[in-house]
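Order-wise, the sequence lines are chains E and C.
Quick note on numbering: our numbering labels position 12 of the first sequence as 12, and the sequence is numbered without any gaps.
Quick note on numbering: our numbering labels position 76 of the second sequence as 196, and the sequence is numbered without any gaps.
By construction, the Cβ of each residue, glycine as well, lies at the ideal position given by its N, Cα and C atoms.
Below: one structure, written as structure tokens.
There are 2 protein chains.
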Amino acid sequence: MTDESKALESAADELACYCRLGGVMDLLSRKYAMQVLCVVNATEPTRFRELEELLPDASTSTLSARLDELAEARLLDRTQYDEIPPRVEYEMTADGSELAERLKPVLEWAGEREGTTGEA
Amino acid sequence: MTDESKALESAADELACYCRLGGVMDLLSRKYAMQVLCVVNATEPTRFRELEELLPDASTSTLSARLDELAEARLLDRTQYDEIPPRVEYEMTADGSELAERLKPVLEWAGEREGTTGEA
DNA sequence: CAGAATCCATTCGGATACTG
DNA sequence: CAGTATCCGAATGGATTCTG
């Protein structure tokens, strides 16, 4: 088998996959989901308050929802310390970390593009 | 300056960016947007019909909407040939292609994860 | 501090039908 | 073939208020 046909085959495999990404992609498509992942990945252990400061446009409830979803999907871990005042920390799971690394180039691209394109 | 402090600085830069990704991320967060980008990137020039076959879960109107948005954001180009029957082809712009390449690892990860995680 | 709960406007996306 | 137009229910996210 030639390299070329191998390349074609793997392209076909990828394509076949693209139609069945369901669950995870829906999760990632929710507002700030990718940002949350990358911010936690870059600052872990991360507290709720930090997240709010780093993503000021996101509302408390949205952030909270995203955190729950990502934790339930085992992309990140939530650890609660019963102190006063209460403290909660979020950290990446191995899976979440892997995803965040792959997400980074995308968000960086998005960051560079801001302002680059003249948008009305 | 040490490598370490450089790393910290760039981490800070990245973080500062994550709060201002607005527009593009909203675009990418719409349903099937990332898939469309990657499918076109892998099959260009791509016709509407192909897209529908490769992403059968997406409705005509959703696909159409996504294509419009991505074209308007100059992530892909739309070329219309006035033949009978009509033919339209979508291709990546340089920008879109760059993004699609960065998106690929993410979608691949998503593909591998399907079935891997016991989801109800 | 770290959310949970509630309420609501808006958006999104699917189905369907129609067009050049 | 390649959409567009319309309609509508479902889901989403923001604001606000309250709690352990």
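Residue i - containing alpha helix (DSSP H), residue span
i: R66(E); result: T60 to E72
Three-state secondary structure (DSSP) of residue i
i: E119(E); result: Bear in mind that the predicted position of E119(E) carries a pLDDT of just 43, short of 50, making it unreliable; the figure below should be weighed with that in mind. Reduced to three states, the DSSP call for E119(E) is coil.
i: R78(E); result: strand
i: R20(E); result: coil
i: E44(E); result: coil
i: D95(E); result: helix
i: D177(C); result: coil
i: E221(C); result: helix
i: E108(E); result: helix
i: R30(E); result: coil
For residue j and residue i, the rounded distance between their alpha carbons
i: N161(C); j: A220(C); result: 7 Å
i: D197(C); j: A153(C); result: 15 Å
i: E234(C); j: R49(E); result: 32 Å
i: D26(E); j: E91(E); result: 21 Å
i: L67(E); j: S184(C); result: 32 Å
i: V88(E); j: E69(E); result: 16 Å
i: L227(C); j: A58(E); result: 25 Å
i: P205(C); j: T43(E); result: 55 Å
Sub-8 Å separation of residue i and residue j beta-carbons
i: C139(C); j: P45(E); result: no
i: K31(E); j: T62(E); result: yes
i: D157(C); j: G231(C); result: The question names Asp, but residue 157(C) in the sequence shown is Leu. Not closer than 8 Å, so no.
i: L54(E); j: L135(C); result: yes
i: W229(C); j: R74(E); result: no
i: L51(E); j: V39(E); result: yes
Span of the beta strand (DSSP E), counted from its first residue to its last, around residue i
i: E173(C); result: No beta strand (DSSP E) contains E173(C), which is instead part of the alpha helix (DSSP H) from F168 to L174.
i: E89(E); result: R87 to M92
Distance cut-off 7 Å: residue i Cβ against heavy atoms of the ligand HEM
i: R78(E); result: Ligands are entirely absent from the displayed structure, and the ligand HEM is therefore not among its contents.
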